[in-house]
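The sequence shown begins at 47 in the working numbering and counts up by one.
Note that beta-carbon positions come from the ideal geometry of N, C-alpha and C, so glycine has one too.
Below is one structure, written out as structure tokens; comments come after it.
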Amino acid sequence: MYWPITLLLGLIIIFVIGYLLFLKFRLKSDAFLFSVGLGTMFIVFLLFSINQYFRLPISPTNTWIAIISSLLFLLLVNYNLLIREVPRIKFKFKPKFSAFSILILAVFIIAFYKSVFFPITADDAVLMYAFISERSWDDGFPPSATSSYMEISYAYPNTNFVLFFYNYFFGLNFGFDDIFIRVLIPLFSLLNLLLFYRLSFALFKNKEIAQLTAVIFASSTIFASGIIQEYTTMYEVFFSFMAVYAFVLYNEDKDYRYLVLTGVFLASILMIKYTLIPFVLFFLVSMLVFNRSIKTIVKLAIVIIPVSLVFYLRNIISYKNPVYPFFFGGENFNAKLFEIQNTFANVPSYTVEQLFVALIPISLFIFIFFICFLLDYIKSEKKNSTYNILILTAVLYLLFWSWTSAFIKETQGMRHLIESFGIISLFSAAFLYKKIHDRSKIILYSLIPAISAFSIYWLYFVFVPDPYFEYSKNLLTLMFLQPVLLTCSLLLLRSKINSKKILALVIISLMIVPIGFAAFAKRTALWEYPSDEEVIERYYPDHFEVFQYINKNLPADAKILSLYNQRYYIKREILPADSPRVSFLYENTSIDSAINKLESMGVNYILVSEMEKNLPFWQISVVHRAHEERNLKLTVLYKNEEVTLYEIS
């Protein structure tokens, strides 16, 4: 159990490096948040560069040499500033034992408990983050045997390098441990609540609105599941809103140093995920519409382009396409394989489920409050340029998400939506606070459509068969308490009871149900402590037995051809069925030639799920055609309702 010590040491070094970078800006505000953001991204950029440009393996030794060298260099460069500036910089976050802070602490005790003692379950983590981190520990480089659609080491560059950094930097020389992937999410979630508090206070100059903003954001289903699931959502949100926060501070006093920080964080999120590119573009477009200052956009571009080129230049060199594999193809790109995997990734029915999970239960209330705020704001004579920019960014991004869900069948709407939802939370909190103090009836009227929609949602999941949410149905009755408690709290707010005490009631009613009882990610309630095997079986009920069968019965050097997602729990090598290395399976080639090539690669097993059997990768493959024509015998080693494991005879 060395990990708590190494984690604490790593966090201190992240902060120190970020603080030394922040000193150069000579700013007096929010040293903590800016230092954490700058420190994390600096180390990620460093590891990315030495691994991808200098081809040095990511190992504990190389990582620590790079970190210590950078730390010494920054200390030397900043020596005079350290002597002069350190005593003058103030840290804004001083602990206060309020109902708000105690509740937040309780929530994160639950989150860390589930992260530390429960195994990884999120699909993306099992498919990518944990899998490639484990492989990279052995090889020193991201694994290359990935699909054509999602070259794992390239499509999510800094996502993965943050995880590599945690494993090698925090893990020291004690070996691979996915604990650092699991604790990453609640850590960044806590940072996000601090960030939203500070951002809201910078916008509205009101502590109660700032608290309410953090509460509203934390109460959403997106956040409630996001602090436990091992997705990248929470640190995407952190770096996105660090850029927004820096811009708000810039717009307040026109200090160019905040504009530079805005550019740095916008460049960082361009490197984190391709899906954040629209967010950056909409933000810049909104600035152009309302500020009408080309100079500001140019200044940002001067910062964004060189910083983001750390990643995109590598893609140009390696793949002849800065956003490989999208739009322009590139080296090792196969259009047919791309289409196959794209079909697999976008399952149309899943889009509807994502929509429900994203908007209901509590999130729908927040959207309604935001619409009410917009109606009030449009009618007001006095407009704020910062408000205008953020509102337009949120609306454009929400429209973009709706369009991709409806027409492109993009299934990850919930995770794309959260940047827009974060901005919406800011203005919903301001609207709610104002109407509470005005004792306006509009809040009560706005509850009617929200409660109606939630009731339909609840009835749908109770009476409509849906295996994906089968376990969660037992928790929906408890979730129904959320709008009921919210309604009661808002009714009490119209009385003459002290507003701070009532605010505590609102906080409890908003947060306790989704965090405490509806932890979708682990399929567990607050009071449970099942074993790792039981959690994995509960999360993957149709797949757990095949994990056990493969790990116990197949040879250690077995290689399996599959498009299967849960590869982290299969302790045998999986060759993705849409990898360019097996493109011959989808060409007009003879079965003998195809089998010889598979055997030369060491592949003698095929793992197929029932869903995959209806997808092009299996239907058009030469193996399936030969099996159907009885020219190839595939021996069934294991089969259940969802998964079949074949041996090539």
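Proximal residues to residue i (C-beta, below 7 Å), its chain only, five neighbours per side dropped
i, result
"I637", "V668, A672, N677 and L678"
"A176", "I166, D224, I227 and Y614"
"A168", "Q275, E276, Y277 and A567"
"V326", "L312, I315 and L316"
"P232", "F154, A157, F158, S161 and I273"
"F247", "K253 and A256"
"P50", "none"
Beta-carbon proximity of residue i to residue j, cut-off 8 Å
i, j, result
"Y632", "L600", "no"
"L73", "R303", "yes"
"L245", "L84", "no"
"V356", "S116", "no"
"I89", "I60", "yes"
"F336", "D422", "no"
"E112", "L92", "First, the residue type needs correcting, since residue 112 is Ala and not Glu in the sequence shown. Cβ atoms of A112 and L92: closer than 8 Å."
"V331", "I464", "no"
"S498", "F416", "no"
"M288", "L241", "yes"
"Y479", "L249", "no"
"I616", "N597", "yes"
"S266", "F467", "yes"
"F372", "Y320", "yes"
"F590", "T439", "no"
"Y365", "E377", "yes"
Own chain residues within Cβ distance below 6 Å of residue i, not counting five before or after
i, result
"I694", "N650"
"P576", "none"
"E41", "It is not possible to answer for residue 41, since the shown part of the chain is limited to 47 through 695."
"F80", "F68"
"K251", "none"
"L66", "L120 and N124"
"L680", "H673 and Y692"
"G309", "L346, V349 and I350"
"S291", "First, the residue type needs correcting, since residue 291 is Tyr and not Ser in the sequence shown. So the list reads L245, once near-sequence residues are dropped."
"Q98", "R360"
Span separating the alpha-carbon of residue i from that of residue j
i, j, result
"I58", "S179", "23 Å"
"N686", "V353", "50 Å"
"A270", "L236", "12 Å"
"T690", "P368", "38 Å"
"S431", "D184", "51 Å"
"L442", "E656", "38 Å"
"F413", "I470", "7 Å"
"D484", "L420", "17 Å"
"A264", "M647", "49 Å"
"N634", "L621", "21 Å"
"A602", "S105", "25 Å"
"I150", "A623", "45 Å"
"L53", "V229", "9 Å"
"V654", "L239", "42 Å"
"Q612", "L102", "29 Å"
"D301", "L436", "19 Å"
"F78", "G64", "9 Å"
"L607", "L644", "9 Å"
"T450", "Y48", "45 Å"
"L346", "F71", "16 Å"
"N380", "L307", "39 Å"
"V344", "D299", "19 Å"
"D170", "K425", "44 Å"
"F164", "R584", "12 Å"
"I340", "A260", "33 Å"
"T109", "D578", "31 Å"
"V393", "L444", "With a pLDDT of 46 at V393, under the threshold of 50, the modelled position of this residue cannot be trusted, and the question is left open."
"D588", "V62", "47 Å"
Same chain, Cβ closer than 8 Å to residue i, neighbours up to 5 away in sequence not counted
i, result
"T342", "L305 and M333"
"K429", "Y423"
"F285", "G83, M87, F311, S314, I315 and I318"
"V172", "I166, N611, Q612, R613, Y614 and Y615"
"F593", "I582, Y586, Q612, Y615 and I616"
Proximity test, residue i beta-carbon vs the ligand GDP heavy atom, cut-off 7 Å
i, result
"S646", "The ligand GDP is absent from the structure shown, which contains no ligands of any kind."
Quiz item: Is the number of C-beta pairs between the segment 622-630 and the segment 671-681 that are closer than 8 Å three or more?
Solution: no
Self-check item: Secondary structure, alpha helix (DSSP H): runs of 4+ residues fully inside the segment 591-672
Solution: 637-646, 656-659 and 662-665
Quiz item: Where are the beta strand (DSSP E) runs, 3 residues long or more, that stay fully inside the segment 410-486, in chain order?
Solution: none
Practice problem: Within the segment 218-291, note down every full alpha helix (DSSP H) run reaching 4 residues or more, in order along the chain. | Solution: 225-228, 230-250, 253-265 and 267-272
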